Amino acid sequence: RPRWSGPPCLLPEPNLPRLELPGRPKARSQCPGRPPLPLPLPLPAPGSPVSSKVVINNKLEQRIIGVINEHKKQNSDKGMISGRLTAKKLQDLYMALQAFSFKTKDIEDAMTNTLLYGGDLHSALDWLCLNLSDDALPEGFSQEFEEQQPKSRPKFQSPQI
6 RPRWSGPPCL LPEPNLPRLE LPGRPKARSQ CPGRPPLPLP LPLPAPGSPV SSKVVINNKL
66 EQRIIGVINE HKKQNSDKGM ISGRLTAKKL QDLYMALQAF SFKTKDIEDA MTNTLLYGGD
126 LHSALDWLCL NLSDDALPEG FSQEFEEQQP KSRPKFQSPQ I
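Going from the sequence shown to this note's numbering is simple: count from 1 and add 5.
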């Protein structure tokens with residue numbers, strides 16, 4: 006029996022499945038008595054867009070769409086929290102509002118009503134100023150109106166032509 010003198014065979018055992026792609030030429034065997042190697046996939050040129058396509062059967066696709074739609078229905082009233090919203094950002098916002106002397110309950114209400122809709126410190130402050138009574142706002146956040154004496158100005162007279 007002749008010995009193989011070529012490169013070592015690095016193929017899996019013959020009974021393992023191989024990937025055969027439609028439209029590509031069949032792989033050729035590089036090792037006697039072994040299944041053929043699959044041909045390598047062509048690599049895209051550097052900087053070129055890579056396109057890939059996932060194919061699933063229609064029944065599974067409809068099931069996935071149904072699960073996504075059901076999830077949207079169940080969570081639509083809660084809004085979407087940004088993926089960039091981290092525990093540190095939440096804590097920083099809470100501490101900033103606390104530093105302004107807002108009450109804990111008011112801070113929690115503001116965070117619940119703004120962050121779920123993509124809000125930040127500014128929107129939380131806006132919410133607090135619009136939704137709390139003047140006496141519930143910390144000093145400096147409520148505006149006191151003072152009556153001002155009307156300033157006397159001369160009446161405007163159009164130029165005579």
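Even for Gly, the Cβ is constructed at its ideal location relative to N, Cα and C. These numbers come from a predicted model, not from an experiment.
For the options THR119, GLN103, ASN63, the alpha carbon positioned closest to that of GLU144 is the one of GLN103. With 16 or more other Cβ atoms from the protein chains shown falling within 10 Å of its own Cβ, ALA129 counts as buried.
Look at ILE166 here: in three-state DSSP terms it is coil, with no helix or strand label.
ALA101 is positioned such that its CB atom lies closer than 7 Å to that of LEU126. When secondary structure is reduced to three states using DSSP, SER128 falls in the helix class. For the options SER157, TYR99, LYS108, PHE105, the alpha carbon positioned closest to that of LEU120 is the one of TYR99.
According to the DSSP assignment, ALA101 belongs to the alpha helix (DSSP H) that extends over 92-104. Taken through DSSP and simplified to helix, strand or coil, LYS110 comes out as helix. Nearest in C-alpha terms to ASP139, of all of ILE166, ASP97, LEU95, PHE107, is PHE107.
Annotation for LEU95: no residue places its beta carbon closer than 7 Å to its own, counting only its chain and skipping 5 residues before and after. The DSSP-derived three-state label of LYS160 is coil. A residue is called buried once 16 or more other Cβ atoms fall within 10 Å of its Cβ, and ALA115 is buried on that count.
When rounded, the separation of the alpha-carbon atoms in PHE161 and ILE112 is 50 Å.
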